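Chemist:
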Amino acid sequence: MKLDTIDKKLITLLQKDSKQTTKQLSLQLGLSVTAVYERIKKLEKEKVITQYVALINKNKVGKSFLVFCHIKLEKHTKEYISVFEREIEKLQEVTECFHVSGDYDYILKIYVKDMDEYREFMVNKLTALKHIGSTHSIFTIGEVKNSNTIVL
Numbered sequence: 027m028k029l030d031t032i033d034k035k036l037i038t039l040l041q042k043d044s045k046q047t048t049k050q051l052s053l054q055l056g057l058s059v060t061a062v063y064e065r066i067k068k069l070e071k072e073k074v075i076t077q078y079v080a081l082i083n084k085n086k087v088g089k090s091f092l093v094f095c096h097i098k099l100e101k102h103t104k105e106y107i108s109v110f111e112r113e114i115e116k117l118q119e120v121t122e123c124f125h126v127s128g129d130y131d132y133i134l135k136i137y138v139k140d141m142d143e144y145r146e147f148m149v150n151k152l153t154a155l156k157h158i159g160s161t162h163s164i165f166t167i168g169e170v171k172n173s174n175t176i177v178l
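So for the sequence shown, the working numbering puts the first residue at 27; every next one is plus one.
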């Protein structure tokens with residue numbers, strides 16, 4: 027799907043606030059409500075827009091300790107990759123997992139309450155997974171930038 031200028035503006039507006047009504051969006055885009063509705067439906071059908079979510083204040087829900095954990099598998103084989111990825115999906119503390127190049131095979135983004143909860147997670151869940159050769163944890167000190175917006 028080729029995105030035109032209006033599609034890009036619409037996507038930008040939805041990334042800022044997806045709860046806007048089609049009427050609000052139509053006023054900002056200079057289009058009819060029907061035209062905006064049809065564009066949104068097309069973007070959803072084409073999987074340009076994949077879902078709508080609520081972003082949560084991690085401090086208000088007791089998950090303010092953010093850890094990035096590098097994982098190296100024992101061997102980088104299809105079987106080990108498959109097993110690891112299937113198991114990592116089950117860990118609710120892991121919000122994002124990326125298969126990467128370099129010294130490590132994966133980077134995990136993990137939210138927990140505090141260091142004690144992270145230790146419990148590492149000992150009882152993460153290192154209990156098969157085929158993990160080593161881990162390297164990085165604890166965040168502060169958040170400088172955190173954006174979910176993809177600039178078009």
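For each residue, glycine too, the CB sits at the ideal point set by N, CA and C. No experiment lies behind these values; they were computed from the predicted model shown.
Can you tell me whether E169 is buried or exposed, with buried defined as 16 or more other CB within 10 angstroms of its CB?
Modeler: Counting from one through the sequence shown, the residue named residue 169 turns up at place 143. So E169 counts as exposed.
Chemist: Measuring alpha carbon to alpha carbon, tell me which residue in I158, K171, M27 is nearest K98.
Modeler: The residue given as residue 98 occupies position 72 in the sequence shown. The shortest Cα separation from K98 among I158, K171, M27 belongs to I158.
Chemist: Determine the burial state of V126: buried for a count of at least 16 other Cβ atoms within 10 Å of its Cβ, exposed for fewer.
Modeler: By one-based count along the sequence shown, residue 126 stands at place 100. Exposed.
Chemist: Roughly how many angstroms lie between the CA atoms of V138 and T60, to the nearest whole one?
Modeler: Counting from one through the sequence shown, the residue named residue 138 turns up at place 112. Counting from one through the sequence shown, the residue named residue 60 turns up at place 34. Taking the straight line joining both Cα atoms gives about 44 Å.
Chemist: With DSSP as the reference, label K135 as helix, strand or coil.
Modeler: Within the sequence shown, the letter at position 109 stands for residue 135. Strand.
Chemist: With 16 other CB atoms within 10 Å as the buried threshold, where does F147 fall?
Modeler: The sequence position of residue 147 within the sequence shown is 121, counting from 1. Under this definition F147 is a buried residue.
Chemist: Would you check whether the ligand COA has a heavy atom nearer than 7 Å to the C-beta of T103?
Modeler: With respect to the ligand COA, the structure shown offers nothing to examine, as it has no ligands at all.
Chemist: With H, G and I counted as helix, E and B as strand and the rest as coil, what does DSSP make of V62?
Modeler: Within the sequence shown, the letter at position 36 stands for residue 62. Helix.
Chemist: Could you tell me which whole beta strand (DSSP E) segments of length 3 or greater appear in the segment 82-159?
Modeler: 91-99, 120-125, 132-138
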